[in-house]
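Contents: one structure, followed by commentary.
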Amino acid sequence: MASDVDSAPLVGRADQLAALRAALHDDIGPGQTAAVFVTGESGVGKTRLLTEAAARLRDAGAVVLTGSCLDIGDASPLHPVLQALRRFDADLGAGQARTSSAVRGLLRTFAEDSGGADSAGALLERVSAGLSLIAEGRPLVLVLDDLQWVDRTTRQLLLYLLAGLGGLQLSVLAAVRAESLQGAHPLRRVLTELRRLRSVRVLDLAPLDRADTDRLAGEIVGTPLTPEAADQVWQRSGGNPFVVEELARDLRDGRDGLSDTLREIFLSRVDVLPRQAHAAVHAVAAGVEPVEHWLLAEVLGLPEPELIGALREAVAHRLLVGADDGYRLRHRLVAEVLAHELLPAERAGLHRRYAEALTQAPAELHQARLAHHWRLAGEPGRALPAAMAAAREAQRLHGFAEAHRHWSAALQLAATPASGPAGVPPEVDRAALLEHAAETAHQSGEHARALSLLAELTGGEPLDPSCGLRIRRARYLAAAGRSAPAEAEYRGVLESVDCTARDRAAAAARLAELLLHLGRYADAGKRAREALELAATVDGSTTEVVLASSALGFSEAFLEDPDAGLAVVRRALETAERSGGPEDVACAYLHLAELLTGPLNILEEGVVVARRGAERVAELGLGRTYETRLLAIATNGLFRVGQWAEAEKVVAAALRHRPSGADAVELLLARCRLSVGYGDVEASDRDLEAVATMLAGGGAPRHVLPMLILRAGLAMWQGRHDVARQAVQRGLTESRSDDVVLLGALAWHGLRAEAEAHASRTVAVDPTAVRRLRDAVDRVAAKSVTAAGPVRLNADGFLALCTAELTRLDGRGDPDAWARSAAEWDKRHHPYPAAYSRLRQAEALLARRSRSSTASKLLRQAHEMALSLGAVPLTSEIRTLAGRARVELTERTPPTGRRPGRTRSTGVGRQSAGAAPATATATVEPVADELTTLTAREREVLTAVAEGLTNREIGQRLFISERTIGVHVSHIFDKLQVRTRVQASAIHLRNRGE
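Next up, the structure:
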C-alpha cells in the first residue's frame, strides 16, 4: 500500500535497512545466494522499505532489478521478472550497450519460449545464464513487491536460483502481505521450503513505536503535534505508517473526520472475512478493549469451536490481536469505520448484550464498562448507578482523572430522559454529583473546570452562604493561580459568624498555606498558629494540622529558627503519612522540599526530597498537580548546583503531565530558567509569554517576580537594557513579598541592567531607577539582619552582587567587591553567579591594567565553569573579554578528584545568536575516554547526532526545543574540539565501546 513517499520521510527503519544491506550484499560472497522476505500488514511500509533498500544496494555497486506481481488470475508467467528487465533496460545509458544487449537477449528468450512441459527446465537455465550476463560479475539483487500474487513460474524460478543452481551471486528481496497468506496459499509452501536454507530470512515488519509515530506525523504536518493530537494519531493508527501519514495530512489540511481512502481500505479488509469472523470484528469494535474471550462468547452466542474459528480468521487477517487478557483491534480506526456500518438498532442491541453479560459477572471493576454499554444501549437509568459506582472506585484507587470522567458522565446521564424499558432513572442528588465532579476536576489539575462546576452548583453567584463551598472555591482559585480572590474568600469565612470552628480552622490553615506561597511569611505564621488553635477544638482535623504545621514550620525557619522550623515541617510530613490523605502528604512534601532547596539552601537533600515526594504523590493520583510542582522544585535545585542537563530531563518529564494553572506556571518558569541560561531566546520568550498570559488575572509574587527576573536576564543577554529595566522596576512596584532572597535577586538584575547600559553606552542610565534599586538593596540588607541564618546567607550573596554592580556604575568596577561576591557564591556551591563574578573581577582588573596574570586565571576559571554548565551567552562574553585581552583560555589536565563531567575542556565552537566571535584558543591533554567531559544530556544528543538525526528530530525524541538542541550541539563541539557533526560522530563511535 503506497502513500505519498515524496513528502513523507522514512522514519524508524534504520535498523531494518542496515540488516537488509548486510544480508543481501555485505555478508555474501561470489556464487552465493541470499533472500529476505519482508512480511507485514497492509500499510506498514513494505514497499517503501524495498524502494529505499534497493537504492542503497544500487549505490553499493549491485545490479538491482525491481518488479511487482499483479493481482489478476491470468498474469503472464514471470511477469515481475519481465517487468524488472524492461525497467532496467529503460534506465540504461548510452554507454551501457553491452548490458542492454544482454537484457534484450533475455527478453527475447522469454518471447521465443514454446511453453511446452519439457521446456520449463531449459527456460530456467536460460534465464539464469541471461542474468549472469547482465550482472557482469557484480552482485545481482532481484526486488519483488506484492509477492503474495506471484505466478507459478516465478515461484519455480526463485526456488531454482536460491538453491544455487544458477551459479551466480544473487540476492532476492521480496515483500509479502501477511494477511493474504491464508489457508492453502501456494506461496506458503514455497516460503516453508526456502526457510530451510541458511541464507533465507523472513523479516516481519512491525508498526512504528510511539516516538517514531510522533516524528513521522510531525514531519508531515510541518511542526511537532500537540500532545492531544499526537495521542489521537497514535491511538487511531496503531503505528501503521500509511495510516499515520493519512491522518497527519488531514490534520495539516484541516480536514475533519475519516478520509474516504482509509474508510474504503479498512472496509474492504473487513468485507472479505467469513460471516462469523465479520461478526466477531464488529463485536470487538463495539466493546471496551481488551474484550475477554468469555465476554465475547456471551455476546456472539457462538459455540466454542465456531467462535475459535471466527477469531482465528480475524487475527490472521490482521484485524484483531489476541492476548491473554482478551482481544483488541489492531487499529482503532476500524471501530470508527464500522460504527457507521450498523443500523442504530443493531448497535444498541450489541451494547445491550454486552451490558447484560457484564451484569451477570460479579466484579466491581466492570462498572465503568457497564455504564458505557448501558448508555449506548439507550438506557441511562441503568447506566447512571454504574457510572457513580465506577467514579467511587476510581477515587478509592486515587485515579482522580478517571473519577472526574465518570462523575461528568453521571451528570450527563442524570440529565438524559429515559427512553428504554427501564423507565425513569432513579432519583439522584444533582448537587452531590456537581460537588464530586468539581472536586475530582480540581484533584486532576482541571482547575478551570472545577470552578465552572462549582459556579453551576451555586447558581452562578460569586459567593455562597455555605462556608464549606466558599472554602472549596478559594482552594480552586488558589490552584488556578488567582490568589487575590482566593485570599478574600478565606478571610470572608474567618470573619463570618455563621461558620463553625471546623470551617474557620480549615480557612485559617489554607490561608496560611496561600500566604506562604505569596511570600508573606510573617502573616502565614500568624494564620498557622490561629489554625492550630482552632483545630485543637475540633475532632478529625488532621488536614488542618498538616497544612498549618507545614506553613508554621516554613515561616519559623525563614524568619527565626531554621532547625526548629525544619523539625516542625518534618513532623507535619510524618503526620500526613500516618493519615494517608493524598493532598496532606503532597502538601507536606511540597513545603519540605521548598524549604530545603530555597531558604535553607540544603540543595542536595532538597532535590532528593522533591523527587522522592514526586514519586509518592504520583502513587496517590496527584501526578498532574503536586508531582509537577515537586519536579519543578527539583529542577530549580539542580539548576542552582549546576546540574543543568539533569534538570532538563526532570522538567521535560514533568511537562508530559500537561499541567494547568499555578502548576503549569511553576514548571514553565523552571524550564525558562534553563533556557535563559543556555541562551535559547526563542524557547525563553515562548515560556515567558505563556506565563504572562496565565498571570494576567493577577499572580503571586513567587511567580510574578521570577518571571520579571527572567525577562530582565534574557533582555540583558540580548542587549535590550531598557526592557530589563522596565521588568525590574515593575517588580519593585508590585512586590509585597517578605522573601529577601527573591527581592535581592530582583535588585541585582536591575543594577546589572543599569551597569550594562552604562558600559555599552546604548541606553542612558536612569538615576531614578538607580535610586529605587539602592533603596531596595537597603531594605533587603535591613530585613536580612533579622532573618534566619541560612536565609541571611543567601541574601548576602545577592547583596554582594548588588554592591559589586554599583561599583561598575560608580567607575570601572572594584575587583575586590567582585572577589567577595565570587567567594560568597563559592560557599553556596552555585557555579553560575560564581562564574559571572569571576568574569567581572577579571574585567575590573584588566580595566585597571593590574595583575593581568590574576585576570587570566579568573577568566580561565569562569570559562571552565560556564562551559561545564552549557551557559552559552556567559561563555561567549568570557571569550570576548579574553580575546580583547589576548588571554589564552588554555586548559590543564584536570586535578584528581574532580567530579565526572567537570573536566576542563574548551574549544572554539559555534556562537549563539548575537555573540561576538571567540578568539581564545584551547588545548586539552588526551584522556582515556574522550566523552568524559560531556554531561549525560550531551551524550544523549551526541548519540542521536551519530545516528544522523537533525536537530529537529533530536528535539522531538528528547522533548526539548530545536534551538536548545543547537545549543547542546555547539557545547559538544566546544568540548570535543571539533567543527562538524561528522567529526563529533567519529569520536562517539571511537569511544562507544569504552
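Here the sequence shown stands for residues 126 to 1119, where the numbers follow this note's numbering. We put the CB at the ideal spot given by N, CA and C, even for glycine.
When the five nearest sequence neighbours on each side are left out, the beta carbons in the same chain lying within less than 7 Å of the beta carbon of Glu1063 are those of Ala770, His1093, His1096 and Ile1097, in order along the chain. DSSP, read as helix, strand or coil, puts Gly767 in coil. Proximity to Gln1108 across Ala1071, Asn1076 and Ile1090 peaks at Ala1071, based on C-alpha coordinates.
Excluding its 5 nearest sequence neighbours in each direction, Pro831 has C-beta neighbours in its own chain below 6 Å: Leu794, listed in chain order. Look at Val671 here: in three-state DSSP terms it is helix. Shown here for Ala697: same chain residues with a beta carbon closer than 6 Å to its own, the five before and five after excluded, namely Val671, Ser674, Ser675 and Ala713 in chain order.
Counting C-beta pairs closer than 8 Å gives fewer than three between the region 900-912 and the region 951-961, which falls short of the contact rule. Take Ala759, set aside five residues on each side of it, and the residues of its chain with a beta-carbon closer than 6 Å to its own are Val732, Ala735, Arg736 and Val775, in chain order.
Taking C-beta separations shorter than 7 Å and ignoring five residues to either side along the sequence, the partners of Leu398 in its chain run Val406, Glu438, Ala439 and His442, following chain order. Scanning the region 384-461 from its first residue to its last, the whole alpha helix (DSSP H) runs of 4-plus residues come out as 385-396, 400-411, 418-425 and 429-441. Judged by DSSP in its simplified three-state form, Gly617 adopts helix.
Put simply, the backbone Cα of Leu350 is about 13 Å away from that of Glu1078. For the set Ala1061, Val710 and Thr224, the Cα lying nearest the Cα of Val694 is the one of Val710. Check the Cα spacing between Ala336 and each of Val369, Val315 and Leu316: the tightest is with Val369. Collapsing the DSSP output to three states places Asp810 in a helix.
Separation of Glu371 and Ser384 (C-alpha to C-alpha, rounded to the nearest whole angstrom) is 8 Å.
Around the C-beta of Val327, fewer than 16 other C-beta atoms lie within 10 Å, and the residue is accordingly described as exposed. Here the alpha carbon of Glu250 sits roughly 41 Å from the alpha carbon of Ser393. The three-state secondary structure of Asp805, taken from DSSP, is coil.
For the pair Ala331 and Pro366, the Cα-to-Cα distance works out to about 10 Å. Counting along the chain, Asp378 sits inside no beta strand (DSSP E); it lies in the alpha helix (DSSP H) bounded by residues Pro366 to Asp378. Its chain contains Leu721 as the residues whose beta carbon lies nearer than 6 Å to that of Glu730, once the 5 sequence neighbours on both sides are disregarded; these appear in chain order.
Comparing alpha carbon positions, the residue from Pro542, Ala566, Arg1106 and Ala631 closest to Gly593 is Ala631. Tyr479 and Val424 have their C-alpha atoms some 6 Å from each other. Of the candidates Gly606, Pro542, Arg181 and Ala373, Gly606 places its Cα closest to the Cα of Ala817. Remark: C-beta atoms of Pro205 and Thr279 approach each other more closely than 7 Å.
At the C-beta level, Gln492 and Ala515 come within 7 Å of one another. Taking Leu256 as reference, the option from Leu283, Leu691, Leu272 and Asp276 with the minimal CA-CA separation is Leu283.
Put simply, the backbone Cα of Leu149 is about 18 Å away from that of Tyr285.
The criterion of a C-beta distance shorter than 7 Å is satisfied by Arg302 and Gln273.
Taking the CA atoms as reference points, Asn726 sits about 22 Å from Thr928.
With contacts defined by Cβ atoms closer than 7 Å, Ala882 and Val890 form a contacting pair. In the displayed model, Leu468 falls within coil according to three-state DSSP, outside both helix and strand. The Cβ atoms of Ala789 and Ile834 lie no closer than 7 Å to each other. Between the region 969-976 and the region 932-941 there are three or more C-beta pairs closer than 8 Å, enough to call the two in contact.
Membership of Thr565 in any beta strand (DSSP E) is not indicated; the residue belongs instead to the alpha helix (DSSP H) covering Arg555 to Gln568.
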